[in-house]
């Protein structure tokens with residue numbers, strides 16, 4: 047038993063760090079619930095049950111995405127990245143499949159417990175995740191088009207966010223709130239791209255054979271410029287979302303500070319693309335995403351309570 051626990055502990059540390067991901071998903075889910083509440087004009091802390099269902103379900107979704115990637119990338123990992131947990135035999139695909147099913151049962155149970163109509167949104171998100179895991183049945187076509195591949199996979203982000211927010215507006219029976227969520231969902235979509243591009247920008251010496259990073263596909267300079275452009279688009283969506291809940295100025299300050307920090311990191315990387323320097327983009331993407339969600343949902347709600 048202890049050996050099994052150790053194996054899974056090592057797996058999560060390497061492929062899905064629970065503490066780091068948990069903190070980000072906690073902010074993500076709380077802010078989705080809080081933003082929905084603010085759109086409805088309800089200025090109070092969400093019920094613990096509402097937030098916990100949103101958080102645990104969202105965290106399970108992201109874990110299922112990781113598991114789906116393990117299946118999808120198995121052959122490439124065996125060929126080019128044999129040091130990863132599955133190719134080296136730390137855990138098996140069968141074990142990961144069972145874990146994914148158990149997570150789905152947990153999500154199903156929580157939805158029924160909180161509010162059964164949530165099953166509709168759960169089913170939609172599951173369906174899209176399943177299509178993603180099969181590369182929409184056009185794998186070769188998608189892989190030849192990296193940009194299409196990225197945005198088609200990032201659509202899962204607003205779906206997860208929609209489910210988390212539905213734990214508030216759907217349970218409250220206020221369908222009008224969903225119309226105002228569009229800019230918050232857009233933030234989720236573009237934030238996903240910020241993280242995805244950021245984690246695939248590397249210094250030339252850090253590139254690996256068989257690993258298609260954006261710094262290889264586009265070159266370092268173009269990859270960094272695209273990353274900054276996506277940050278800017280995300281900031282615009284966040285500013286509009288903040289305007290809808292009368293919290294524009296504080297969010298604008300956060301956006302300016304974080305974007306300025308991103309620009310500094312980008313310039314330093316382009317001037318000195320040293321080994322390991324690319325990890326700063328992933329770090330800044332995480333800080334950006336955390337700051338974005340907290341300033342849009344948790345911040346204005348806690349400020350007003």
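In the numbering used here, the protein residues as written are 47 to 351.
Virtual Cβ for every residue (Gly too), placed ideally from N, Cα, C.
Quick one: what does DSSP say residue i is sitting in, helix, strand or coil?
{"i": "residue 228", "result": "helix"}
{"i": "residue 247", "result": "coil"}
{"i": "residue 47", "result": "coil"}
{"i": "residue 317", "result": "helix"}
{"i": "residue 327", "result": "helix"}
{"i": "residue 201", "result": "coil"}
{"i": "residue 161", "result": "coil"}
{"i": "residue 258", "result": "coil"}
{"i": "residue 267", "result": "helix"}
{"i": "residue 332", "result": "helix"}
{"i": "residue 13", "result": "Since the displayed the chain opens at 47 and closes at 351, residue 13 lies outside it and no answer follows."}
{"i": "residue 217", "result": "helix"}
{"i": "residue 242", "result": "helix"}
{"i": "residue 337", "result": "helix"}
Rounding to the nearest angstrom, what Cα-Cα distance links residue i and residue j in this structure?
{"i": "residue 291", "j": "residue 330", "result": "26 angstroms"}
{"i": "residue 197", "j": "residue 117", "result": "20 angstroms"}
{"i": "residue 273", "j": "residue 152", "result": "35 angstroms"}
{"i": "residue 177", "j": "residue 170", "result": "11 angstroms"}
{"i": "residue 188", "j": "residue 115", "result": "15 angstroms"}
{"i": "residue 186", "j": "residue 262", "result": "19 angstroms"}
{"i": "residue 231", "j": "residue 208", "result": "7 angstroms"}
{"i": "residue 336", "j": "residue 193", "result": "24 angstroms"}
{"i": "residue 166", "j": "residue 252", "result": "43 angstroms"}
{"i": "residue 59", "j": "residue 268", "result": "31 angstroms"}
Take residue i and list the residues in its own chain whose beta-carbon comes closer than 7 angstroms to its own, dropping the five residues that flank it on each side.
{"i": "residue 84", "result": "291, 346 and 347"}
{"i": "residue 256", "result": "122, 125 and 126"}
{"i": "residue 224", "result": "215"}
{"i": "residue 288", "result": "294, 297 and 342"}
Residues in the same chain with beta-carbon distance under 6 angstroms from residue i, minus the five sequence neighbours each way, listed in chain order, please.
{"i": "residue 72", "result": "101"}
{"i": "residue 239", "result": "200 and 276"}
{"i": "residue 226", "result": "85 and 290"}
Go through its chain and collect everything with a Cβ distance to residue i's Cβ below 8 angstroms, but skip five positions before and after it.
{"i": "residue 77", "result": "339, 340, 342, 343 and 344"}
query: Going along the chain, which unbroken runs of the alpha helix (DSSP H) with 4 or more residues stay wholly within the region 51–134?
result: 64–85, 94–118 and 120–126
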